[in-house]
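Below is one structure, written out as structure tokens, with a few remarks after it.
Numbering (the working numbering), first residue to last: 6 to 169.
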């Protein structure tokens, strides 16, 4: 029998809990999918949510953006820009937002405008921290440099996402 969205469900201990809405994490109630970053220099991605599952992949770049696609207890199923990943313990992840430069070379501009002065250029696979995003541009910082980069050159932020 299907339980309607948002309905209360009786748990084994007799308490009630509402079910998450579609597109919402069962544990955190945060949106799914969503982006997070890897906190550490190394994070094991497992076949399933638990230490008993084998390691399929090892992420090796602190600050790397990852997309959370599912939640189970203290585990988050994540994937990188190539769709590779697995289940990672939540303690290895951070809500601090970063992006990966996807273009061969991204221009950091002084303002969110394609005619604005180029402050610095960053190569493919550089990780930059998000300071702010509009519908088309993100203000980033990388290696002490700041500037606006077109979202088309980035992975780690959704096209419609606004970050203040």
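For each residue, glycine too, the CB sits at the ideal point set by N, CA and C.
Bridge partner(s) assigned by DSSP for residue i
i: residue 137; result: 144
i: residue 98; result: 43
i: residue 128; result: 110
i: residue 150; result: 147
i: residue 36; result: 29
Residue i, DSSP secondary structure in three states
i: residue 50; result: strand
i: residue 75; result: strand
i: residue 1; result: Missing from the structure shown is residue 1; the chain here goes from 6 to 169 and no further.
i: residue 84; result: strand
i: residue 107; result: coil
i: residue 28; result: coil
i: residue 167; result: coil
i: residue 68; result: coil
i: residue 118; result: coil
i: residue 55; result: coil
Cβ neighbours of residue i in the same chain (closer than 7 Å, five flanking residues each side left out)
i: residue 45; result: 67 and 97
i: residue 131; result: 106 and 147
i: residue 79; result: 94 and 95
Same chain, Cβ closer than 6 Å to residue i, neighbours up to 5 away in sequence not counted
i: residue 51; result: 58, 60, 91 and 92
i: residue 133; result: 104, 145 and 147
Supposed close pair residue i, residue j - CB separation, criterion 8 Å
i: residue 40; j: residue 161; result: 5 Å
Same chain only: Cβ atoms within 8 Å of residue i, ignoring 5 sequence neighbours per side
i: residue 84; result: 71, 72, 74 and 90
Decide if the segment 149–159 is in contact with the segment 104–118; the criterion is three or more beta carbon pairs, one per stretch, under 8 Å apart. yes
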